[in-house]
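A.B. asks: Note that the protein sequences, when read in sequence, are chains A and B.
The letter at position 7 of the first sequence is residue 7 when you use my numbering, and the numbering goes up by one with no holes.
The letter at position 18 of the second sequence is residue 146 when you use my numbering, and the numbering goes up by one with no holes.
Where a beta carbon is used, it is the ideal one built from N, C-alpha and C, also for glycine.
Supplied in structure tokens, the structure appears directly below.
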Amino acid sequence: MKLMLRVAQGIVRKPLIASVILETGALINIERASIDAVSGEIVLDVSDDKCRQVKDAFERRGVDVVLLEIPVMRNEEECVHCGACIAICPTGTFRFDDWKVVTDPGKCIQCGACVTACPHRALQLVLR
Amino acid sequence: MEAEKSLSEINERIRDGSVRVVTAEEMPSIVEELGPGGAVREVDVVTTGTFGAMCSSGVFLNLGHSDPPIKISRAWLNRVEAYGGVAAVDLFLGATQPSEDKGIEYGGAHVIEDLVSGRAVDVMGEGVGTDCYPRLEIETTLHLEDLNQALMVNPRNAYQRYNAATNSSDRTLHTYMGTLLPRFGNVHYSGAGVLNPISNDPGFEYIGTGVRIFLGGAQGYIVGPGTQHSPETGFATLMVSGDLKRMSSEFLRAATFTRYGPTLYVGVGVPIPILNERLALSTAVRDRDITVPIVDYGVQRRDRPVLRSVSYAELRSGFVEINGKEVPTASLSSFHMARRVAGTLKEWIERGEFLLTEQAEPLPRSGVSRPMKQTKELPYVGDVMNRDVVTVGENISVPEAARVIVGSRFDHLPVVSDEGKLMGIITTWDISKAVANGNISRVSEIMTRRVYSATPDEPIELAARTMDIHSISALPVVDKDNRVIGMITSNDLSRLFAGRRPR
Numbered sequence: 001m002k003l004m005l006r007v008a009q010g011i012v013r014k015p016l017i018a019s020v021i022l023e024t025g026a027l028i029n030i031e032r033a034s035i036d037a038v039s040g041e042i043v044l045d046v047s048d049d050k051c052r053q054v055k056d057a058f059e060r061r062g063v064d065v066v067l068l069e070i071p072v073m074r075n076e077e078e079c080v081h082c083g084a085c086i087a088i089c090p091t092g093t094f095r096f097d098d099w100k101v102v103t104d105p106g107k108c109i110q111c112g113a114c115v116t117a118c119p120h121r122a123l124q125l126v127l128r
Numbered sequence: 129m130e131a132e133k134s135l136s137e138i139n140e141r142i143r144d145g146s147v148r149v150v151t152a153e154e155m156p157s158i159v160e161e162l163g164p165g166g167a168v169r170e171v172d173v174v175t176t177g178t179f180g181a182m183c184s185s186g187v188f189l190n191l192g193h194s195d196p197p198i199k200i201s202r203a204w205l206n207r208v209e210a211y212g213g214v215a216a217v218d219l220f221l222g223a224t225q226p227s228e229d230k231g232i233e234y235g236g237a238h239v240i241e242d243l244v245s246g247r248a249v250d251v252m253g254e255g256v257g258t259d260c261y262p263r264l265e266i267e268t269t270l271h272l273e274d275l276n277q278a279l280m281v282n283p284r285n286a287y288q289r290y291n292a293a294t295n296s297s298d299r300t301l302h303t304y305m306g307t308l309l310p311r312f313g314n315v316h317y318s319g320a321g322v323l324n325p326i327s328n329d330p331g332f333e334y335i336g337t338g339v340r341i342f343l344g345g346a347q348g349y350i351v352g353p354g355t356q357h358s359p360e361t362g363f364a365t366l367m368v369s370g371d372l373k374r375m376s377s378e379f380l381r382a383a384t385f386t387r388y389g390p391t392l393y394v395g396v397g398v399p400i401p402i403l404n405e406r407l408a409l410s411t412a413v414r415d416r417d418i419t420v421p422i423v424d425y426g427v428q429r430r431d432r433p434v435l436r437s438v439s440y441a442e443l444r445s446g447f448v449e450i451n452g453k454e455v456p457t458a459s460l461s462s463f464h465m466a467r468r469v470a471g472t473l474k475e476w477i478e479r480g481e482f483l484l485t486e487q488a489e490p491l492p493r494s495g496v497s498r499p500m501k502q503t504k505e506l507p508y509v510g511d512v513m514n515r516d517v518v519t520v521g522e523n524i525s526v527p528e529a530a531r532v533i534v535g536s537r538f539d540h541l542p543v544v545s546d547e548g549k550l551m552g553i554i555t556t557w558d559i560s561k562a563v564a565n566g567n568i569s570r571v572s573e574i575m576t577r578r579v580y581s582a583t584p585d586e587p588i589e590l591a592a593r594t595m596d597i598h599s600i601s602a603l604p605v606v607d608k609d610n611r612v613i614g615m616i617t618s619n620d621l622s623r624l625f626a627g628r629r630p631r
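Structure representation (structure tokens):
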């Protein structure tokens with residue numbers, strides 16, 4: 001399961017991930033991170049059994065945590081199943097199934113590459 | 129004797145409901161099983177279909193006359209300019225025209241989709257003012273039904289096949305072939321392969337002027353060869369026409385390729401009557417029989433390098449090999465929708481709603497699309513570059529490099545290997561920074577290793593674009609062995625333009 005963390009200004013310099021790993025013992029994989037002086041946006045991958053525990057641990061530290069259950073939002077009216085999203089996705093979220101584009105939940109890291117690559121503007125990130 | 133039948137026999141079967149129609153996807157296994165003769169006896173019509181970005185598309189619109197009347201010279205529909213130089217109230221709206229307020233996110237294609245979807249469109253026109261057409265301006269809001277005619281006329285649709293695209297360069301490219309990731313990160317292709325109309329009749333045995341087709345969800349016609357029709361190279365095209373008022377937004381879909389522009393996804397399907405064994409054999413074509421070059425869009429020239437040839441079967445497998453590496457593939461046209469086109473056309477024929485027409489003449493079987501004759505050419509890098517470039521070796525010290533740069537005309541100093549090959553570049557800023565930090569070691573430690581360069585045979589426009597994209601002011605010019613032979617700077621280019629284009 002993937003978690004998206006929104007880290008606010010006051011705590012962005014703290015070793016949050018390290019302390020959560022030590023507390024929970026969870027094997028955390030950092031999929032994407034963009035951190036600057038005032039905030040951070042981080043996408044983590046955590047095994048399903050530790051997911052709840054890790055989410056709670058971050059929330060206790062004041063981090064806003066969103067479970068990425070839906071990979072990206074797709075407007076079914078606009079999608080023509082062309083496939084322009086498939087090869088540009090860094091995590092392989094999209095694939096053809098009998099020439100219709102299907103999404104695999106749990107792979108998306110909310111990078112937005114597909115949003116600009118979709119010629120029909122059918123894709124949208126969950127939190128934007 | 130070879131099996132044959134006539135078009136009128138087939139149309140008789142369409143009328144009495146006994147016609148046997150299959151899609152071009154089903155035909156190969158039928159021909160394999162029954163042989164061409166058996167397939168002629170078993171199948172009457174093969175339906176084809178394609179659904180992809182077809183930039184060369186548009187509509188002629190007749191607005192009707194206003195009171196007082198106006199001869200429109202310029203016109204806009206939802207702020208997208210349409211060509212007004214056709215009589216008084218005829219306009220041609222092209223699919224790729226961007227809007228003046230929303231840019232490329234809304235264009236001619238989107239106006240066409242809005243019209244087909246029954247939405248209102250704001251029309252603005254400027255007139256010339258004549259004794260017979262005194263009015264100077266018009267503003268109105270129209271629906272598709274308010275127009276006298278809305279005729280789709282697409283100068284180039286349904287390419288026989290299309291080059292696959294990849295990108296060798298170091299940056300992501302945004303093209304009409306979609307997002308092309310750097311260093312051969314992906315391959316994009318377009319075209320329906322086995323279902324493609326012309327690939328199922330490449331000899332134009334049936335396909336020709338006057339043939340009734342599926343266009344955008346309605347019946348349309350082949351006008352003739354499309355623009356850039358290039359049958360000798362296997363890139364034939366169709367010019368098609370149809371009544372927009374009968375079309376459906378399921379099969380006409382506006383799109384925008386990021387940093388390229390608007391385009392229209394069009395559904396085109398051609399029925400192919402199985403009149404003889406030649407047509408049975410040509411409609412038995414499979415994805416593996418249709419090959420296209422994989423072209424490197426990282427080289428921004430008309431004649432882009434071809435990396436290899438690939439079949440639609442390989443492209444559609446999801447991976448192709450380039451230089452020993454597995455590269456993911458994806459399509460930009462929709463095979464799902466191409467199936468919908470071929471399937472819908474099949475249903476129309478089976479229900480007796482669509483009769484096949486005789487071609488008035490076949491499409492031209494000879495000819496190739498020629499490049500542009502360019503009579504006013506900007507110079508090449510080799511014509512403008514400074515040949516008295518000074519270079520340094522990797523092992524000289526920073527103070528030595530500082531002395532060289534002070535004595536030269538440039539702010540940039542290419543660093544070369546013993547063989548004269550470009551290894552890096554240092555600027556006056558790099559040297560100042562090194563000195564300020566007390567770092568006065570060798571230049572190889574402070575140089576930028578990822579150097580952008582130009583070649584003498586590239587047009588200066590490309591060198592200017594490279595400098596612009598990477599915000600740099602000079603490029604070393606290298607020969608084919610990567611040896612530094614000159615330098616081109618933004619000053620050279622601005623001097624050139626100042627001289628050529630006085631304000």
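#1: With contact counted as at least three CB pairs below 8 angstroms, one residue from each stretch, are the segment 362-372 of chain B and the segment 278-287 of chain B in contact?
#2: On a CA-only basis, which of Ala-87/A, Ser-47/A, Phe-96/A is nearest Ile-30/A? Give me that one, please.
#3: To the nearest angstrom, how far is the alpha carbon of Ile-613/B from that of Glu-528/B?
#4: Hey, which unbroken runs of the alpha helix (DSSP H) at 4 residues or more fall wholly within the segment 565-599 of chain B?
#5: For Thr-303/B, would you say it is in contact with chain A, using Cβ-to-Cβ distances shorter than 8 angstroms as the test?
#6: Could you round the C-beta distance between Ala-626/B and Val-605/B to whole angstroms and report it? I think they count as a contact, below 8 angstroms.
#7: Which of the residues in the segment 80-108 of chain A, read from start to end, lie with their CB under 7 angstroms from any CB of chain B?
#8: Just to confirm my understanding: we take Arg-498/B, look at its own chain, exclude 5 residues before and 5 after, and list those with CB closer than 6 angstroms. What are they?
#9: Does the beta carbon of Ala-117/A sit closer than 8 angstroms to a beta carbon anywhere in chain B?
#10: Which term fits Arg-467/B, buried or exposed, when burial requires 16 or more other beta carbons within 10 angstroms of its beta carbon?
#11: Find the residues of chain B that neighbour Arg-121/A, judging by a C-beta separation of less than 9 angstroms, and give them in chain order.
#12: Compare the C-beta of Tyr-349/B against all C-beta atoms of chain A and say whether one is closer than 8 angstroms.
#13: With DSSP as the reference, label Met-500/B as helix, strand or coil.
#14: Find the residues of chain A that neighbour Arg-436/B, judging by a C-beta separation of less than 7 angstroms, and give them in chain order.
#15: Nearest to Pro-196/B by CA position, among Asp-546/B, Val-168/B, Ala-215/B, Gly-257/B, is which residue?
#16: Looking at the secondary structure, which residues open and close the alpha helix (DSSP H) in which Tyr-472/B lies?
#17: Hey, out of Tyr-349/B, Val-532/B, Gly-344/B, Gly-345/B, whose CA is closest to Ile-335/B's CA?
#18: Give me the residue from Asn-567/B, Gly-495/B, Pro-490/B, Glu-486/B with the minimum Cα distance to Ser-525/B.
#19: Leaving out five residues before and five after Cys-79/A in sequence, what residues of the same chain have Cβ atoms less than 6 angstroms from its Cβ?
#20: Please report the distance separating the alpha-carbon of Met-615/B from that of Gly-552/B.
#21: Output the boundary residues of the alpha helix (DSSP H) element that contains Asn-139/B.
#22: For Cys-85/A versus Cys-51/A, is the C-beta spacing smaller than 8 angstroms?
#23: Under 8 angstroms between beta-carbons, which chain A residues line up against Ser-461/B? List them in chain order, please.
#24: Taking Cβ positions only, does Met-595/B come closer than 8 angstroms to chain E?
#25: Going by Cα to Cα distance, which pick from Ala-564/B, Glu-586/B, Pro-584/B, Asp-558/B is closest to Glu-573/B?
#26: Of all Cβ atoms in chain A, is any one closer than 8 angstroms to the Cβ of Thr-472/B?
#27: Determine the contact status of Asp-144/B and Ile-402/B, defining contact as a CB-CB distance below 8 angstroms.
#28: Considering only DSSP beta bridges, list what Thr-391/B is partnered with.
#29: Could you tell me which chain A residues have their CB closer than 9 angstroms to the CB of Leu-550/B, listed as they occur along the chain?
#30: Cutting at 8 angstroms between CB atoms, please list the residues of its own chain near Glu-633/B, excluding the five before and the five after it.
#31: Closer than 8 angstroms by C-beta to Leu-409/B: which residues in its own chain qualify, once you throw out the five before and the five after it? Chain order, please.
#32: Would you kindly report the start and end of the unbroken alpha helix (DSSP H) that includes Val-159/B?
#33: Buried or exposed, going by whether 16 or more other CB atoms sit within 10 Å of the CB of Leu-392/B?
#34: Between Leu-3/A and Ile-42/A, what straight-line distance do the alpha-carbon atoms span, to the nearest angstrom?
#35: Just to make sure I have the definition right: I need the residues of chain A whose C-beta is within less than 8 angstroms of the C-beta of Gly-306/B. Which are they?
#36: By DSSP, does Val-606/B sit in helix, in strand, or in coil?
C.D. replies: Working from what's here:
#1: yes
#2: Ser-47/A
#3: 22 angstroms
#4: 571-574, 588-597
#5: no
#6: Between Val-605/B and Ala-626/B the Cβ distance is about 21 angstroms, and since that is not below 8 angstroms, they are no contact.
#7: Val-80, His-81, Cys-82, Gly-83, Ala-84, Ile-86, Ala-87, Ile-88, Trp-99, Lys-100
#8: none
#9: yes
#10: buried
#11: Glu-233, Ala-383, Thr-384
#12: no
#13: coil
#14: The premise fails here: Arg-436/B is roughly 17 angstroms from chain A at the closest Cβ pair, so nothing lies under 7 angstroms.
#15: Gly-257/B
#16: The amino acid occupying residue 472/B in the given sequence is Thr; Tyr does not appear at that position. That run of the alpha helix (DSSP H) goes 463-478.
#17: Tyr-349/B
#18: Asn-567/B
#19: Ala-122
#20: 13 angstroms
#21: 135-144
#22: no
#23: Cys-82
#24: The chain labelled as chain E is not found among the protein chains of the depicted structure, namely A and B.
#25: Asp-558/B
#26: no
#27: no
#28: Ala-383/B
#29: Here the premise fails: no neighbours, minimum Cβ distance about 31 angstroms.
#30: There is no way to answer for residue 633/B, as the model of chain B reaches only from 129 to 631.
#31: Val-159, Pro-164
#32: 155-170
#33: buried
#34: 8 angstroms
#35: Ala-84, Ile-88, Ala-117, Pro-119
#36: strand
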